[in-house]
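Working notes, beginning with the structure itself.
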Amino acid sequence: MTARPRLGALALASLFSVGALGGLIGDMCHVESGTTVYLADVLPYVWDSQLWFPVMVGAGTAALGWIRVRVGGAGAASAEGLREAIAMIAAVIGLYALTAIVRGEPQPVAIVLVYCVAALICARFARGPADLACGVLAAAFGVGTEVALAAAGAFEYSSDVSQVAGVASWLPGLYVAYGVVAARLGLMAGRVA
Numbered sequence: 009m010t011a012r013p014r015l016g017a018l019a020l021a022s023l024f025s026v027g028a029l030g031g032l033i034g035d036m037c038h039v040e041s042g043t044t045v046y047l048a049d050v051l052p053y054v055w056d057s058q059l060w061f062p063v064m065v066g067a068g069t070a071a072l073g074w075i076r077v078r079v080g081g082a083g084a085a086s087a088e089g090l091r092e093a094i095a096m097i098a099a100v101i102g103l104y105a106l107t108a109i110v111r112g113e114p115q116p117v118a119i120v121l122v123y124c125v126a127a128l129i130c131a132r133f134a135r136g137p138a139d140l141a142c143g144v145l146a147a148a149f150g151v152g153t154e155v156a157l158a159a160a161g162a163f164e165y166s167s168d169v170s171q172v173a174g175v176a177s178w179l180p181g182l183y184v185a186y187g188v189v190a191a192r193l194g195l196m197a198g199r200v201a
């Protein structure tokens, strides 16, 4: 029988923690810059974020890592190490921070810049179609969830950020890059059972 890669409880908890912490750092950038504002205080805050936000990003990171491991084996991940993981995480947090500083700038330029940086992240870190599929999955669920939460009055984007359906026009690019990196981190955390 062929051994297949899998993620154990510690790996899933690590992915959750990386996602939750990265989400908190990125969201802090959005809140501090005024890019987003929480409208409903339904749960306690963690740093500048409502508790549900880091929980959702952490769960999304663990889920995408798990999906990627289930879809396609460890492959090239065995050669990747801590430096590669740090580079991936820093790239996405940097893109998140970039989305905060483009608030109030000419929005067509901001949108092009964010999508181009997201494309660079994907080109550098995606190893194949399965990684890109995880990026698209992250964009579909992430943007859809944000549209629903914005419509429900949980938060809003600043009026000087270009929007579609109540969320930033550059948001899919951020989520695709995040999804690719979460997928790669999942493979790196995977082990053969």
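Add 8 to the 1-based position in the sequence shown for the numbering used here, that's all there is to it. C-beta atoms are modelled at their ideal positions from N, C-alpha and C, and glycine is treated no differently.
- In this structure, the CA atom of Leu140 is about 31 Å from the CA atom of Gly161.
- Counting the other CB atoms within 10 Å of its CB gives Asp35 a total of 16 or more, which places it among the buried residues.
- Fewer than three beta-carbon pairs drawn from the stretch 58-67 and the stretch 123-131 are found closer than 8 Å, and the two stretches are therefore not classed as touching.
- Excluding five sequence positions before and after Ser57, the CB atoms of its chain that fall closer than 6 Å to its own CB belong to Leu32 and Asp35, given in chain order.
- The C-beta of Gly16 has fewer than 16 other C-beta atoms within 10 Å across all chains shown, which makes the residue exposed.
- DSSP places Val63 inside the alpha helix (DSSP H), whose first and last residues are Trp60 to Gly80.
- In the three-state reduction of the DSSP assignment, Ala134 falls in the coil class, being assigned neither a helical nor a strand state.
- Of Leu47, Leu23, Gly112 and Phe149, the smallest CA-CA separation from Gly181 is found for Phe149.
- Glu113 sits in coil when the DSSP states are folded into three classes, being neither helix nor strand.
- Residue pairing from DSSP places Ser57 in a beta bridge opposite Val54.
- If you draw a straight line from the Cα of Cys37 to the Cα of Ala108, it is about 6 Å long.
- A Cβ-Cβ distance of about 7 Å is found for the pair Leu20 and Trp74, placing them in contact under the 8 Å criterion.
- Counting only residues of its own chain and dropping the five nearest sequence neighbours on each side, Val144 has a CB closer than 8 Å to the CB of Val184 and Gly187.
- The alpha carbon of Pro137 has as its nearest neighbour, out of Pro114, Val172, Ala147 and Arg76, the alpha carbon of Arg76.
- Take the alpha-carbon of Ala98 and the one of Leu106: they are about 12 Å apart.
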